[in-house]
Amino acid sequence: MRANHRRGEPGWVYGVPVDSSTTLAGAPEAPEEARLDETQRSGSPRSLAATWAGVLLAPGTIITGMVAAGGSAGPGFAIGFAGLAFGTILGTFAVGFISIWGPRTGMAQMPLGRLAFGALNVVPQIFLIGSLIAYNALNDLFGVDALATSLGIPFLVALFAVVAIEVTVVIVGVRLMRILGTVISAVMLLISIGLIIGAAQVPPAPAPPGVEGFPMGPFLLAVGLGLSGSISWTVQACDLSRVLPARTSPVGVFAWVFVGMTVPLLVLGGIGAWVSTNAALDDPMARVDELLGGGAIATVALVALGTSLATANAFNDFSAGLSLKQMGLRFPRAVCSLFVTAAGLTLALISRNTQLGQLTSDIVLFAGYYTAPWFGVVIVELLYRWGDPRPWETIAEKTRAAVAAFLIGFILLLPFTATPLGNQIAADYPIALGWLGWVSRNLLDGGDGAYLAGAVFGAVLYGLFRRIGRAPTTVTVTTPG
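Numbering (the numbering used here), first residue to last: 8 to 488.
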């Protein structure tokens, strides 16, 4: 992971970061804001598959599969996994498509977003920081659950251990992040193999008895969960692909990103959906311990999972701290990062008594919703610039239109949301906030349509605003290379 590598959604339940400037091609590091010159790039698109697979071999992918199948109240393995797979494939298609602009421009994803948002790129950055705080809270609770289950220690002791790991990594910085990222990816691969073996010994999660017809609502909810674990990565897609030469085949970039993301998401999500039970939703790590057969091996695996989650939080803190500094906060990077650590810890303590399956659904879905209208805006801007061989030299023309489309698109997707928390808020305040999740509850049988709606709203609104606005005066900025 580069020193200022940002993560979007789900980031931080779903993966362990990598140093894209070295892992992919051995290219020298450059600031995220900088465009990599052609002389700084090398490698093959095949490396993208291994990199994405390493990122996505993470505990949250398994837990999301458990939530998709829903235990005894859910649709079971077949429907839950089908929806999860459909959403995953749609989302990875989007990530693969936007990744092709990495080699074309040499730019990381958030700076590439400035082609639409310009100086107002700070607006989606605020959403990014909020999502990282939410993921931190979830990772804190799952990390504590893993350590408490494996070592038999009290909640507060396990929480102290998780926060200690997190703070240490935040303070030490990038070098420790790289080492832990490599080690944890290898350990997660071994744990995944063990879980596959364990899952083969148990029957798949059954569909609830007495259900007639196709359960469209639970299927759409699983689709939303699949999208949350895939399309949310569009906010950093080019971070990994920009180190490849400009001549790299766009088809190759798309194909290898698609394969590298889809395989781990479907395998680990499928394991989670297969072994989903009510007990698993209440205590996912206990279910993992059971599948691994208990004993010393399971204990070591759960400690590794707890460390993985704490380390993922440190990456979130690091990225959010850098974003805060770039937004003008006048504190050292480590201090900015620790602000985010404290915010995530506070949210974790507030959410301590919430059922983990419900909390996962709330955070995994809601924290990534902003990426859908963001993707819609950015992809329209990139398509407008498709024929421009040097798009980075033309400054953003319609920054207010981009922000308006992003914010309005986000608001318009909220009736399509299907989070337990949103539904509870709508029930408690029916006059003011009853519209939250209204489409989901009344038209989609409780299913989630927010990711698809958000992407469509963002794209359509930005395309419309871009066309009806005042004819811009194009200003070019000449840069070396």
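C-beta: ideal position from N, C-alpha, C; glycine also. Being a predicted model, the structure only gives us computed values, none of them experimental.
ask   = Roughly how far, in whole angstroms, is the beta-carbon of leucine 145 from the beta-carbon of leucine 366, given that I think they are within contact range, below 8 Å?
value = In the sequence shown, counting from the first residue as 1, residue 145 sits at position 138. In the sequence shown, counting from the first residue as 1, residue 366 sits at position 359. Sure, about 6 Å apart at Cβ, within 8 Å.
ask   = Using a Cβ-Cβ cut-off of 6 Å (strictly less than) and excluding sequence neighbours within five positions of alanine 286, which residues of its own chain qualify?
value = Here residue 286 refers to the residue found at position 279 when the sequence shown is read from its first residue. So no residue of the chain qualifies.
Threonine 284, DSSP secondary structure in three states = What you label residue 284 is simply residue 277 of the sequence shown in a count that begins at 1. DSSP places threonine 284 in coil when its eight states are reduced to three.
query = Rounded to the nearest angstrom, how far is the Cβ of arginine 340 from that of glycine 351, given a contact under 8 Å?
reply = For this step, residue 340 is matched to residue 333 along the sequence shown. For this step, residue 351 is matched to residue 344 along the sequence shown. Between glycine 351 and arginine 340 the Cβ distance is about 17 Å, and since that is not below 8 Å, they are no contact.
inquiry  = Tell me the DSSP secondary structure of isoleucine 475 in three-state form.
reply    = Sequence index remark: in the sequence shown, residue 475 carries index 468 (1-based). If DSSP states are grouped into helix, strand and coil, isoleucine 475 belongs with the helices.
query = Do the CB positions of serine 54 and tryptophan 263 come within less than 9 Å of each other?
reply = Numbered from its first residue, the sequence shown carries residue 54 at position 47. Numbered from its first residue, the sequence shown carries residue 263 at position 256. Yes, they are a contact pair.
task = Please go through the same chain and pick out, in chain order, the residues whose beta-carbon is closer than 8 Å to the beta-carbon of leucine 451, but skip the five residues on each side of it.
result = Position 444 of the sequence shown, counting from 1, holds the residue named residue 451. So the qualifying residues of the chain are Met223, Gly224, Leu227, Phe423, Ala425.
message = So for arginine 9, helix, strand or coil by DSSP?
response = Your numbering for residue 9 matches position 2 in the sequence shown. Because the pLDDT of arginine 9 is 35, which lies under 50, any placement of that residue in the model is unreliable, and the number read from its coordinates should be weighed accordingly. Here arginine 9 sits in coil by DSSP.
key: Continuous alpha helix (DSSP H) stretch holding tryptophan 445: start and end   = The residue labelled residue 445 in the question sits at position 438 within the sequence shown. Counting along the chain, the alpha helix (DSSP H) containing tryptophan 445 begins and ends at 445–450.
message = With three or more C-beta pairs closer than 8 Å as the rule, is the segment 305–321 touching the segment 236–254?
response = no
request  = Provide the residue span of the alpha helix (DSSP H) that contains proline 118, from first to last.
outcome  = Taking the first residue of the sequence shown as 1, we reach residue 118 at position 111. Residues 116–124.
query = What is the rounded straight-line gap between the Cα of glycine 301 and the Cα of glutamate 404?
reply = Stepping through the sequence shown from its first residue, residue 301 is reached at position 294. Stepping through the sequence shown from its first residue, residue 404 is reached at position 397. Using only the alpha carbons, I get a separation of about 59 Å.
query = Are glycine 276 and glycine 236 close, meaning C-beta to C-beta below 9 Å?
reply = Your numbering for residue 276 matches position 269 in the sequence shown. Your numbering for residue 236 matches position 229 in the sequence shown. A contact, by the Cβ cut-off of 9 Å.
ask   = Under a Cβ-count criterion, where at least 16 other Cβ atoms within 10 Å of its own Cβ denotes burial, should valine 102 be classed as buried or exposed?
value = If you number the sequence shown from 1, residue 102 lands on position 95. So valine 102 counts as buried.
request  = Quick one: using the 10 Å Cβ neighbour count with 16 as the cut-off for buried, is phenylalanine 221 buried or exposed?
outcome  = Your numbering for residue 221 matches position 214 in the sequence shown. The residue in question, phenylalanine 221, is exposed, as its Cβ has fewer than 16 Cβ neighbours within 10 Å.
task = Could you tell me which of Gly429, Val384, Gly461, Gly456 sits nearest to leucine 122, measuring between CA atoms?
result = For the purposes of this step, residue 122 is taken as the residue at position 115 of the sequence shown. Closest option to leucine 122, Cα to Cα, is Val384.
query = Does DSSP classify aspartate 290 as helix, strand or coil?
reply = Here residue 290 refers to the residue found at position 283 when the sequence shown is read from its first residue. Three-state DSSP puts aspartate 290 in coil, outside helix and strand.
query = Roughly how many whole angstroms lie between the Cα atoms of leucine 251 and serine 358?
reply = On the sequence shown, residue 251 is found 244 positions in, with the first residue counted as 1. On the sequence shown, residue 358 is found 351 positions in, with the first residue counted as 1. Each residue's Cα considered, the two are about 42 Å apart.
query = Tell me which same chain residues have a C-beta within less than 8 Å of the C-beta of tryptophan 281, skipping the five on either side of it?
reply = Locating residue 281 in the sequence shown gives position 274, counting from the first residue. Answer for tryptophan 281: Gly72, Ala76, Phe84, Phe88, Ala206, Val209, Pro211, Ala212, listed in chain order.
Distance, phenylalanine 167 Cα to threonine 156 Cα = If you number the sequence shown from 1, residue 156 lands on position 149. If you number the sequence shown from 1, residue 167 lands on position 160. The straight-line gap from Cα to Cα measures roughly 15 Å.
request  = Using three-state DSSP, classify proline 93 as helix, strand or coil.
outcome  = For the purposes of this step, residue 93 is identified with residue 86 of the sequence shown, where counting begins at 1. It is phenylalanine, not proline, that sits at residue 93 in the sequence shown. Correct three-state label for phenylalanine 93: helix.
query = Is the beta carbon of leucine 443 sitting closer than 9 Å to the one on alanine 433?
reply = Translated into positions along the sequence shown, residue 443 becomes position 436. Translated into positions along the sequence shown, residue 433 becomes position 426. Cβ distance < 9 Å, so leucine 443 and alanine 433 count as in contact.
task = Compare the beta carbon distance of valine 74 and glycine 364 with 9 Å and say whether it is the shorter of the two.
result = Taking the first residue of the sequence shown as 1, we reach residue 74 at position 67. Taking the first residue of the sequence shown as 1, we reach residue 364 at position 357. It is a contact, given that the beta carbons lie within the stated cut-off.
ask   = Taking DSSP as the reference, what is the three-state secondary structure of phenylalanine 134?
value = For the purposes of this step, residue 134 is identified with residue 127 of the sequence shown, where counting begins at 1. Three-state DSSP puts phenylalanine 134 in a helix.
inquiry  = I need the boundaries of the alpha helix (DSSP H) containing serine 344, first residue and last residue.
reply    = In the sequence shown, residue 344 corresponds to position 337, counting from 1. Taken as a continuous stretch (DSSP letters only), the alpha helix (DSSP H) holding serine 344 covers 340–357.
request  = Write down the C-beta distance between leucine 372 and glycine 231 rounded to the nearest angstrom, noting that I regard them as a contact closer than 8 Å.
outcome  = Position 365 of the sequence shown, counting from 1, holds the residue named residue 372. Position 224 of the sequence shown, counting from 1, holds the residue named residue 231. The Cβ separation is near 6 Å, so the contact holds.
ask   = Using the beta-carbon count (16 or more within 10 Å), is serine 49 buried or exposed?
value = Walking along the sequence shown from the start, residue 49 turns up at place 42. By the 10 Å Cβ count, serine 49 comes out exposed.
message = I'd like the span of the alpha helix (DSSP H) that includes phenylalanine 2, first residue to last.
response = There is no way to answer for residue 2, as the model of the chain reaches only from 8 to 488.
Alpha helix (DSSP H) segment containing glutamine 333, residue limits = Position 326 of the sequence shown holds residue 333. Per DSSP, glutamine 333 belongs to the alpha helix (DSSP H) from 302–333.
ask   = Under three-state DSSP, which class holds alanine 212?
value = Within the sequence shown, residue 212 is the residue found at index 205, counting from 1. Residue state, collapsed to three classes: coil.
query = Comparing alpha-carbon positions, which option in Arg474, Gly429, Val387 lies nearest glycine 465?
reply = Counted from its first residue, the sequence shown places residue 465 at position 458. Ranking Arg474, Gly429, Val387 by Cα distance to glycine 465 puts Val387 first.
query = Whole-angstrom Cβ separation of phenylalanine 261 and isoleucine 107, contact assumed at under 8 Å?
reply = For the purposes of this step, residue 261 is identified with residue 254 of the sequence shown, where counting begins at 1. For the purposes of this step, residue 107 is identified with residue 100 of the sequence shown, where counting begins at 1. Contact flag correct, Cβ pair sits at about 6 Å.
key: serine 248 (DSSP reduced to helix, strand or coil)   = Walking along the sequence shown from the start, residue 248 turns up at place 241. In the structure shown, serine 248 sits in a helix (DSSP, three-state: H, G or I).
inquiry  = Between the alpha carbons of asparagine 360 and serine 368, how many angstroms are there, rounded?
reply    = Locating residue 360 in the sequence shown gives position 353, where the first residue counts as 1. Locating residue 368 in the sequence shown gives position 361, where the first residue counts as 1. Near 15 Å, if we compare the C-alpha coordinates of serine 368 and asparagine 360.
request  = Within 10 angstroms of the Cβ of valine 151, are there 16 or more other Cβ atoms? Answer buried if so, exposed if not.
outcome  = In the sequence shown, counting from the first residue as 1, residue 151 sits at position 144. Under this definition valine 151 is a buried residue.
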